[in-house]
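Trainee: This structure is in structure tokens; I'll ask about it shortly.
Protein chains: 2
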Amino acid sequence: MADKKFVEDITSMEVDFAQWYTDIVKKAELVDYSGVKGCMIIRPYGYAIWENIQRILDAEFKKLGHENVYMPMFIPESLLQREKDHVEGFAPECAWVTIGGQNQLSEKLCVRPTSETLFCEHYRNIIHSYRDLPKLYNQWCNVVRWEKTTRPFLRTSEFLWQEGHTMHETEEEARAETLRMLDVYSDFYEKTLAIPVVRGRKTEKEKFAGAVETYTVEPMMHNGFALQGGTTHYFGDGFAKAFDITFTDRENNIKHPHQTSWGVSTRMIGAIIMAHGDDNGLVLPPAVAPVQLAIIPVAQHKEGVLEKARELAEALSAKFRVKLDDSENSTGWKFSQYEMKGVPLRLEIGPRDIENNSCVLVSRVTREKSFVSLDGLENAVAEALAKVHDELYARAAENLKNRTSVAHNYEEFLKTAEEKSGFIKAMWCGDSACEDKIKDDTGGVKSRCIPFEEEHIGDVCVCCGKPAKHMVVWGRQY
Amino acid sequence: MADKKFVEDITSMEVDFAQWYTDIVKKAELVDYSGVKGCMIIRPYGYAIWENIQRILDAEFKKLGHENVYMPMFIPESLLQREKDHVEGFAPECAWVTIGGQNQLSEKLCVRPTSETLFCEHYRNIIHSYRDLPKLYNQWCNVVRWEKTTRPFLRTSEFLWQEGHTMHETEEEARAETLRMLDVYSDFYEKTLAIPVVRGRKTEKEKFAGAVETYTVEPMMHNGFALQGGTTHYFGDGFAKAFDITFTDRENNIKHPHQTSWGVSTRMIGAIIMAHGDDNGLVLPPAVAPVQLAIIPVAQHKEGVLEKARELAEALSAKFRVKLDDSENSTGWKFSQYEMKGVPLRLEIGPRDIENNSCVLVSRVTREKSFVSLDGLENAVAEALAKVHDELYARAAENLKNRTSVAHNYEEFLKTAEEKSGFIKAMWCGDSACEDKIKDDTGGVKSRCIPFEEEHIGDVCVCCGKPAKHMVVWGRQY
Numbered sequence: 142m143a144d145k146k147f148v149e150d151i152t153s154m155e156v157d158f159a160q161w162y163t164d165i166v167k168k169a170e171l172v173d174y175s176g177v178k179g180c181m182i183i184r185p186y187g188y189a190i191w192e193n194i195q196r197i198l199d200a201e202f203k204k205l206g207h208e209n210v211y212m213p214m215f216i217p218e219s220l221l222q223r224e225k226d227h228v229e230g231f232a233p234e235c236a237w238v239t240i241g242g243q244n245q246l247s248e249k250l251c252v253r254p255t256s257e258t259l260f261c262e263h264y265r266n267i268i269h270s271y272r273d274l275p276k277l278y279n280q281w282c283n284v285v286r287w288e289k290t291t292r293p294f295l296r297t298s299e300f301l302w303q304e305g306h307t308m309h310e311t312e313e314e315a316r317a318e319t320l321r322m323l324d325v326y327s328d329f330y331e332k333t334l335a336i337p338v339v340r341g342r343k344t345e346k347e348k349f350a351g352a353v354e355t356y357t358v359e360p361m362m363h364n365g366f367a368l369q370g371g372t373t374h375y376f377g378d379g380f381a382k383a384f385d386i387t388f389t390d391r392e393n394n395i396k397h398p399h400q401t402s403w404g405v406s407t408r409m410i411g412a413i414i415m416a417h418g419d420d421n422g423l424v425l426p427p428a429v430a431p432v433q434l435a436i437i438p439v440a441q442h443k444e445g446v447l448e449k450a451r452e453l454a455e456a457l458s459a460k461f462r463v464k465l466d467d468s469e470n471s472t473g474w475k476f477s478q479y480e481m482k483g484v485p486l487r488l489e490i491g492p493r494d495i496e497n498n499s500c501v502l503v504s505r506v507t508r509e510k511s512f513v514s515l516d517g518l519e520n521a522v523a524e525a526l527a528k529v530h531d532e533l534y535a536r537a538a539e540n541l542k543n544r545t546s547v548a549h550n551y552e553e554f555l556k557t558a559e560e561k562s563g564f565i566k567a568m569w570c571g572d573s574a575c576e577d578k579i580k581d582d583t584g585g586v587k588s589r590c591i592p593f594e595e596e597h598i599g600d601v602c603v604c605c606g607k608p609a610k611h612m613v614v615w616g617r618q619y
Numbered sequence: 142m143a144d145k146k147f148v149e150d151i152t153s154m155e156v157d158f159a160q161w162y163t164d165i166v167k168k169a170e171l172v173d174y175s176g177v178k179g180c181m182i183i184r185p186y187g188y189a190i191w192e193n194i195q196r197i198l199d200a201e202f203k204k205l206g207h208e209n210v211y212m213p214m215f216i217p218e219s220l221l222q223r224e225k226d227h228v229e230g231f232a233p234e235c236a237w238v239t240i241g242g243q244n245q246l247s248e249k250l251c252v253r254p255t256s257e258t259l260f261c262e263h264y265r266n267i268i269h270s271y272r273d274l275p276k277l278y279n280q281w282c283n284v285v286r287w288e289k290t291t292r293p294f295l296r297t298s299e300f301l302w303q304e305g306h307t308m309h310e311t312e313e314e315a316r317a318e319t320l321r322m323l324d325v326y327s328d329f330y331e332k333t334l335a336i337p338v339v340r341g342r343k344t345e346k347e348k349f350a351g352a353v354e355t356y357t358v359e360p361m362m363h364n365g366f367a368l369q370g371g372t373t374h375y376f377g378d379g380f381a382k383a384f385d386i387t388f389t390d391r392e393n394n395i396k397h398p399h400q401t402s403w404g405v406s407t408r409m410i411g412a413i414i415m416a417h418g419d420d421n422g423l424v425l426p427p428a429v430a431p432v433q434l435a436i437i438p439v440a441q442h443k444e445g446v447l448e449k450a451r452e453l454a455e456a457l458s459a460k461f462r463v464k465l466d467d468s469e470n471s472t473g474w475k476f477s478q479y480e481m482k483g484v485p486l487r488l489e490i491g492p493r494d495i496e497n498n499s500c501v502l503v504s505r506v507t508r509e510k511s512f513v514s515l516d517g518l519e520n521a522v523a524e525a526l527a528k529v530h531d532e533l534y535a536r537a538a539e540n541l542k543n544r545t546s547v548a549h550n551y552e553e554f555l556k557t558a559e560e561k562s563g564f565i566k567a568m569w570c571g572d573s574a575c576e577d578k579i580k581d582d583t584g585g586v587k588s589r590c591i592p593f594e595e596e597h598i599g600d601v602c603v604c605c606g607k608p609a610k611h612m613v614v615w616g617r618q619y
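Read top to bottom, the protein sequences are chains B and P. Letter 105 of the first sequence, counting from 1, is numbered 246 in our numbering, and no numbers are missing. Letter 362 of the second sequence, counting from 1, is numbered 503 in our numbering, and no numbers are missing.
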């Protein structure tokens with residue numbers, strides 16, 4: 142049976158989560174592997190998800206006044222070295238171009254791992270007065286970070302992302318931008334991708350190289366692992382000083398502007414897969430699904446069925462991304478196929494439905510069937526898609542709740558880390574030595590963030606027993 | 142006077158066309174130079190033009206069934222070498238990554254100059270049966286070709302482009318795709334960018350490395366130079382054989398698919414600048430202009446003027462890309478500024494206009510003023526923009542006509558090449574030795590293409606006197 146085969150090809154997530162993930166990205170035709178170590182091919186179905194993500198986020202950025210630009214992909218070694226913390230953070234994972242046009246280059250060029258340095262060099266040329274501020278730039282591009290172990294979407298040597306880089310008159314304004322963009326990201330995760338996130342500030346140890354503060358949104362995957370979902374950084378005037386960027390302020394004083402950067406990447410697709418997928422395959426949030434509604438004619442050789450299915454497909458295509466499958470494959474095969482591809486909603490239409498002037502809508506999440514009238518079908522589909530979104534969010538929120546524990550002491554912490562996969566809330570003294578110890582003792586549990594909503598769990602650090610400064614959310618990560 | 146200054150900053154195109162070009166790209170804030178040799182920074186105003194180009198072309202591609210994908214940016218040396226003509230064509234201008242993550246790589250990686258090899262490697266994995274064909278893929282990405290002399294948009298070491306790569310069951314279908322995509326490009330030039338093009342086939346010497354046939358659209362720049370505006374290639378099954386791509390056809394035979402590729406790049410922005418620009422600055426075709434209509438309040442401190450200007454701006458923004466300049470700069474400065482930026486249409490509104498319930502529309506091309514009623518303004522603006530497009534097209538077509546000559550013999554050819562900058566139509570024997578000789582004797586005149594509409598100018602080759610095979614359009618190029 143063709144429809145059995147599809148499901149059998151996917152390893153159960155309970156058996157082997159990593160293999161389940163690999164099966165999904167291959168079977169759903171999201172990516173293909175390439176002969177280039179650590180690089181992936183994003184196939185049409187995967188890229189269409191990225192295009193939807195881009196379209197929605199880009200509109201949000203522009204609404205807030207951001208403009209897109211394009212910077213060179215190469216960074217001369219001397220430019221990368223201008224800011225000390227930054228180069229220390231990125232140099233180990235750089236890919237270097239050393240030959241151009243058959244000649245050895247006099248200075249090697251790094252393939253951008255991120256573009257703070259290039260933006261700063263440009264900002265130095267174009268910022269002179271407070272009238273030139275703020276500068277709110279963003280770019281959509283590819284970046285390269287040389288990774289030893291790679292996994293499609295989650296960690297690849299090359300990936301696609303957007304990087305916003307902004308410059309402001311005051312610290313206050315720059316800090317507000319950092320938090321405003323974190324809001325854009327967390328809203329996008331929750332309202333577009335139906336994935337709840339923990340929002341917070343990174344510890345000193347986990348900050349971006351060169352940043353004063355790094356903020357993060359951390360969604361939880363189905364297996365309890367965290368994924369760094371998106372980060373925003375406040376740089377103060379550190380880069381501005383290193384790159385000698387100055388402006389004349391309103392009182393005619395020469396000052397350095399305050400800087401931010403923020404980015405999300407194709408890793409988001411990994412988050413979608415691991416937050417929503419199940420043993421039958423991918424489950425896509427309606428807002429970014431390349432196909433939102435699969436129309437499957439039932440008994441399609443019976444008179445009038447295909448005609449009706451085509452008529453519905455045409456009418457609904459005005460509002461939704463619709464795929465009508467009128468191929469010769471069996472109905473069962475089609476059901477499995479679109480389930481596996483994560484299409485949020487299935488519409489079945491057969492001879493009896495037509496007689497009743499109705500059709501069947503089936504949610505990919507709950508598999509609940511509803512019989513709806515063909516009159517007002519457009520509204521019914523819109524409501525059903527909104528419901529799929531809500532079902533997805535509720536399921537992911539339930540997972541986040543179930544897999545979040547509290548640890549009052551170190552014994553409890555270690556026991557939880559060993560027995561349960563998920564987040565652990567625990568108090569922390571603020572010392573990175575405790576982060577190192579926890580990571581060593583647990584084989585990989587790290588501080589995810591100091592959440593904006595801290596709880597008072599106790600007075601002392603769960604690790605060293607010294608007075609606690611913050612509550613931290615801890616977890617394993619991709 | 143501020144409004145004088147802007148124009149003075151732009152060198153006249155009659156005095157120094159190259160300097161005029163450089164002045165425009167800098168003053169209109171399209172690009173900035175970077176510290177990376179041969180790479181440009183595309184600034185917001187320049188990138189917004191590219192976004193409009195992308196949006197319109199991408200929709201055309203998708204209408205014809207093409208899907209977007211993303212391939213790795215690195216090509217291992219062994220993969221690039223798989224097709225002999227191709228590697229010979231591109232190896233001299235490759236940038237090579239030799240170090241990754243602080244280690245010398247065992248095989249160096251070329252930063253893609255074009256992606257035929259990567260697409261072929263992928264197609265080998267996913268094409269098995271005629272049911273898998275056609276494959277109609279496209280990608281939007283950056284590519285690198287190491288150039289010795291560079292100029293923004295026209296020739297840079299890194300540039301942005303789209304590359305379509307398709308695979309077909311039959312030669313006929315692949316050849317049809319090659320011509321279909323050439324139509325998309327020539328329609329885009331003529332109907333969107335208002336630039337007339339000469340369409341035709343490249344000679345053997347000017348073909349793409351590895352192609353059986355290369356087709357081209359060749360727009361003429363204001364100074365009579367050509368620009369290779371976009372090319373489509375038919376590859377036969379050469380790459381398919383080199384990469385061992387096979388499929389089972391409808392008769393159960395194993396066959397190689399037939400292949401095409403096609404691309405246009407940010408060079409299009411160079412074509413817009415040089416086909417339409419004038420001594421007052423940029424002139425943008427309405428369809429891709431980031432700002433289509435600049436609204437300038439006249440005597441804006443008089444009661445009611447700013448309110449009215451804002452009201453118009455808001456109403457017109459629903460349909461057009463509008464910029465209202467209510468800054469404190471002088472009206473004259475504003476007029477010059479938006480002229481220089483190439484905004485197709487200016488709307489002036491002052492106290493007397495408001496009294497008359499009218500406003501003034503001014504075309505960037507002809508500077509003709511028209512007084513239009515505020516009732517039905519939306520239609521008047523739409524018509525005025527359409528007229529600007531037509532004016533631009535007519536002016537460029539006139540230039541193409543005036544700068545196209547016919548040469549019946551070699552003396553006439555050499556005289557024309559020396560005295561006139563433009564295209565020369567002349568007969569050709571088909572031998573690339575004559576192309577070489579013409580290039581040497583004229584200091585750079587090359588075959589642009591064998592146009593689809595050939596004329597019978599004579600019976601013998603303009604260069605060697607042997608029997609002529611084709612009429613060729615010759616010219617100097619960027």
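All residues carry an ideal CB built from backbone N, CA and C; glycine is no exception.
Candidates P:Glu347, P:Glu392 and P:Ser402: which alpha carbon is nearest alanine 317 of chain P's?
Mentor: Your numbering for residue 317 of chain P matches position 176 in the second sequence. That would be P:Ser402, whose Cα lies nearest to the Cα of alanine 317 of chain P.
Trainee: On the three-pair Cβ rule with 8 Å, is the stretch 250-261 of chain P touching the stretch 271-284 of chain P?
Mentor: In short, these stretches touch, since the Cβ pair count reaches three.
Trainee: Since histidine 309 of chain B meets chain P, which of its residues come closer than 9 Å, beta carbon to beta carbon?
Mentor: In the first sequence, residue 309 of chain B corresponds to position 168, counting from 1. Simply none; closest approach about 17 Å.
Trainee: CB arginine 223 of chain P to CB isoleucine 591 of chain P, shorter than 7 Å?
Mentor: Position 82 of the second sequence, counted from the start, is the residue given in the question as residue 223 of chain P. Position 450 of the second sequence, counted from the start, is the residue given in the question as residue 591 of chain P. It is not a contact, given that the beta carbons lie outside the stated cut-off.
Trainee: Going along the stretch 212-225 of chain P in order, which residues come within less than 9 Å of chain B, judged by CB to CB distance?
Mentor: Result list: Met212, Pro213, Met214, Phe215, Ile216, Pro217, Ser219 and Leu220.
Trainee: If you drop the 5 nearest sequence neighbours on each side, which residues of the same chain put their C-beta closer than 8 Å to that of serine 546 of chain B?
Mentor: Sequence index remark: in the first sequence, residue 546 of chain B carries index 405 (1-based). Cβ within range, chain order: Thr557, Lys561, Gly563, Phe564, Ile565 and Lys566.
Trainee: Hey, glycine 187 of chain B and tryptophan 302 of chain B: beta-carbon distance below 7 Å or not?
Mentor: Residue 187 of chain B sits at position 46 when you count from the first residue of the first sequence. Residue 302 of chain B sits at position 161 when you count from the first residue of the first sequence. Not a contact, by the Cβ cut-off of 7 Å.
Trainee: Consider the Cβ of histidine 306 of chain B: report whether some Cβ of chain P lies at a distance smaller than 7 Å.
Mentor: For the purposes of this step, residue 306 of chain B is identified with residue 165 of the first sequence, where counting begins at 1. Closer than 7 Å: no.
Trainee: Grab me the residues of cysteine 261 of chain B's own chain with a C-beta within less than 6 Å of its C-beta, minus the 5 sequence neighbours each way, in chain order.
Mentor: Residue numbering aside, residue 261 of chain B sits at position 120 when the first sequence is read from its first letter. Contacts found: Phe380 and Phe384.
Trainee: So what does DSSP say about tyrosine 619 of chain B, is it helix, strand or coil?
Mentor: Residue 619 of chain B sits at position 478 when you count from the first residue of the first sequence. Note: tyrosine 619 of chain B maps to coil in three-state DSSP.
Trainee: So, under 8 Å CB-CB, alanine 236 of chain B and alanine 537 of chain B are touching, yes? Tell me the CB distance rounded to an integer number of Å.
Mentor: For the purposes of this step, residue 236 of chain B is taken as residue 95 along the first sequence, with counting starting at 1. For the purposes of this step, residue 537 of chain B is taken as residue 396 along the first sequence, with counting starting at 1. At roughly 35 Å, the Cβ-Cβ gap does not stay under 8 Å, so alanine 236 of chain B and alanine 537 of chain B are not in contact.
Trainee: Helix, strand or coil for alanine 456 of chain B? Go by DSSP, reduced to three states.
Mentor: Within the first sequence, the letter at position 315 stands for residue 456 of chain B. Of the three classes helix, strand and coil, the one that applies to alanine 456 of chain B here is helix, per DSSP.
Trainee: According to DSSP, which residues form a beta bridge with phenylalanine 215 of chain B?
Mentor: As a first step, residue 215 of chain B must be located in the first sequence, where it is residue number 74. Answer is B:Val252, bridged to phenylalanine 215 of chain B.
Trainee: Flag this pair as yes or no: are the beta carbons of alanine 430 of chain P and proline 485 of chain P separated by less than 7 Å?
Mentor: Taking the second sequence and counting its residues from 1, one reaches residue 430 of chain P at position 289. Taking the second sequence and counting its residues from 1, one reaches residue 485 of chain P at position 344. Going by C-beta atoms, alanine 430 of chain P is nearer than 7 Å to proline 485 of chain P.
Trainee: If we define contact as Cβ-Cβ less than 7 Å, is lysine 475 of chain B a contact residue for chain P?
Mentor: Counting from one through the first sequence, the residue named residue 475 of chain B turns up at place 334. Taking Cβ atoms only, chain P never reaches closer than 7 Å to lysine 475 of chain B, which makes this a no.
Trainee: At a cut of 8 Å, does the stretch 169-187 of chain P reach the stretch 298-313 of chain P through at least three beta carbon pairs?
Mentor: Yes: at least three Cβ pairs fall under 8 Å.
Trainee: Considering lysine 587 of chain B, what are the terminal residues of the beta strand (DSSP E) in which it resides?
Mentor: Within the first sequence, the letter at position 446 stands for residue 587 of chain B. 587-592 is the span of the beta strand (DSSP E), which, as asked, contains lysine 587 of chain B.
Trainee: Is DSSP giving isoleucine 395 of chain P helix, strand or coil here?
Mentor: The residue you call residue 395 of chain P lines up with position 254 of the second sequence. The answer is strand: DSSP assigns isoleucine 395 of chain P an E or B state.
Trainee: What does the alpha-carbon distance come out to for the pair methionine 142 of chain B and glutamine 478 of chain B?
Mentor: Your numbering for residue 142 of chain B matches position 1 in the first sequence. Your numbering for residue 478 of chain B matches position 337 in the first sequence. For methionine 142 of chain B, the pLDDT reaches just 35, beneath the cut-off of 50, and the residue's location in the model is therefore unreliable, although a value from the coordinates is still provided. Their backbone Cα atoms lie some 13 Å apart in a straight line.
Trainee: Any chance the CB of isoleucine 579 of chain P is under 6 Å from a heavy atom of the ligand GTP?
Mentor: The ligand GTP is absent from the structure shown, which contains no ligands of any kind.
Trainee: What are the boundary residues of the beta strand (DSSP E) that includes threonine 545 of chain B?
Mentor: What you label residue 545 of chain B is simply residue 404 of the first sequence in a count that begins at 1. Here the beta strand (DSSP E) through threonine 545 of chain B covers 545-547.
Trainee: Starting from the beta carbon of histidine 263 of chain B, find every residue of chain P whose beta carbon is closer than 8 Å, and list them in chain order.
Mentor: Residue mapping note: residue 263 of chain B aligns to position 122 of the first sequence, counting from 1. Going along chain P in sequence order, the residues near histidine 263 of chain B (Cβ under 8 Å) are Asp173, Ser175 and Ile182.
Trainee: Please confirm if the stretch 190-208 of chain B is in contact with the stretch 409-418 of chain B, defined as three or more CB-CB distances below 8 Å between the two stretches.
Mentor: Result yes; three or more Cβ-Cβ pairs closer than 8 Å.
Trainee: Taking three-plus beta-carbon pairs below 8 Å as touching, is the stretch 419-427 of chain B in contact with the stretch 317-330 of chain B?
Mentor: Segments in contact, no.
Trainee: Could you have a look at asparagine 540 of chain B and say whether DSSP puts it in helix, strand or coil?
Mentor: Position 399 of the first sequence, counted from the start, is the residue given in the question as residue 540 of chain B. Here asparagine 540 of chain B sits in helix by DSSP.
Trainee: In chain order, what residues of the same chain have a beta carbon less than 8 Å from the beta carbon of valine 91 of chain B, not counting five sequence neighbours either side?
Mentor: Residue coverage of chain B in this structure runs from 142 to 619, which leaves residue 91 of chain B outside it and unanswerable.
Trainee: Report the neighbours of asparagine 209 of chain P on chain B: residues whose CB is nearer than 8 Å to its CB, in chain order.
Mentor: Your numbering for residue 209 of chain P matches position 68 in the second sequence. Pro185, Tyr188, Ala189 and Glu192, listed in chain order.
Trainee: Threshold first: 3 residues or longer. Then list the beta strand (DSSP E) segments lying entirely within the stretch 321-385 of chain B, N to C.
Mentor: Runs found: 338-342, 354-360 and 371-377.
Trainee: May I ask you to list, following chain order, the residues of the stretch 225-243 of chain B that have a beta carbon less than 7 Å from some beta carbon of chain P?
Mentor: Going along the stretch 225-243 of chain B in chain order, one finds Pro233, Glu234, Ala236, Trp237, Val238, Thr239, Ile240, Gly241, Gly242 and Gln243 with a Cβ nearer than 7 Å to chain P.
Trainee: Under 7 Å Cβ to Cβ from histidine 549 of chain B, same chain only, skipping five residues before and after it: list those, please.
Mentor: As a first step, residue 549 of chain B must be located in the first sequence, where it is residue number 408. Here the set comprises Ile598 and Gly599.
Trainee: Between which two residues does the alpha helix (DSSP H) holding lysine 168 of chain P run?
Mentor: Start at 1 with the first residue of the second sequence, and residue 168 of chain P comes out as number 27. Looking at the DSSP string, the run of the alpha helix (DSSP H) that includes lysine 168 of chain P is 158-168.
Trainee: For tryptophan 287 of chain B, return the contacting residues in chain P, with the cut-off set at a CB-CB distance below 7 Å.
Mentor: Walking along the first sequence from the start, residue 287 of chain B turns up at place 146. Result: Gly241 and Gly242.
Trainee: What's the C-alpha gap between alanine 525 of chain B and lysine 204 of chain P?
Mentor: Against the first sequence, residue 525 of chain B aligns to sequence position 384. Against the second sequence, residue 204 of chain P aligns to sequence position 63. Cα to Cα, alanine 525 of chain B sits roughly 28 Å from lysine 204 of chain P.
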